[in-house]
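Have a look at the structure below, then the notes.
Residue numbers (our numbering): 337 to 478.
Structure representation (structure tokens):
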């Protein structure tokens, strides 16, 4: 199982790096410099300013890596040892023999989980955006 894990990490690292590096290129460095001018340590700047600003890229990179790993049957087939099986390998072998209700139920659970996670992410982003707008309006009045 370790070889499967290492192969998927190696495969997905490039995709995650592209997503996160594109976000890092868009960051406004003057915000970090202003925080350091006001006395924040580099570690504090990273955790309080940089990390929250790149968190959407980290989450989207994780989702992309998860989706690619869930979909990639070839890597798992080549690097798995005897007796090791992954979810894509199980689904592929079951579909080859004929689709059974267990595979349909599994697909339904996966789609439901993805839908729920997507809705929760949308809700949290919308709520934080509304809070940000309220804070900006309050700062303009105050």
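By construction, the Cβ of each residue, glycine as well, lies at the ideal position given by its N, Cα and C atoms.
In the DSSP assignment, find the unbroken alpha helix (DSSP H) run with residue i in it and report its ends.
i, result
"residue 421", "Unbroken run through residue 421: none, as it is neither H nor E."
"residue 446", "437-477"
"residue 352", "338-362"
"residue 393", "387-407"
"residue 379", "378-381"
Do you know how far the Cα of residue j is from the Cα of residue i?
i, j, result
"residue 428", "residue 342", "22 angstroms"
"residue 423", "residue 363", "38 angstroms"
"residue 458", "residue 392", "12 angstroms"
"residue 291", "residue 451", "Because the chain is modelled from 337 through 478, residue 291 falls outside the range shown and cannot be assessed."
"residue 414", "residue 352", "22 angstroms"
"residue 421", "residue 340", "9 angstroms"
"residue 369", "residue 449", "41 angstroms"
"residue 338", "residue 404", "18 angstroms"
"residue 426", "residue 456", "29 angstroms"
> Would you call the region 360-377 and the region 430-443 touching, i.e. three or more CB-CB distances under 8 angstroms?
Replying inline: Touching, no, given that fewer than three Cβ pairs across the two stretches are closer than 8 angstroms.
>> Would you call the region 390-399 in contact with the region 356-367, where contact means no fewer than 3 C-beta pairs closer than 8 angstroms?
In response: Because the criterion of three Cβ pairs below 8 angstroms is met, the region 390-399 and the region 356-367 touch.
> Pairing CB atoms from the region 404-421 with CB atoms from the region 337-356, are three or more of them under 8 angstroms?
Replying inline: Cβ pair count under 8 angstroms is three or more, so yes.
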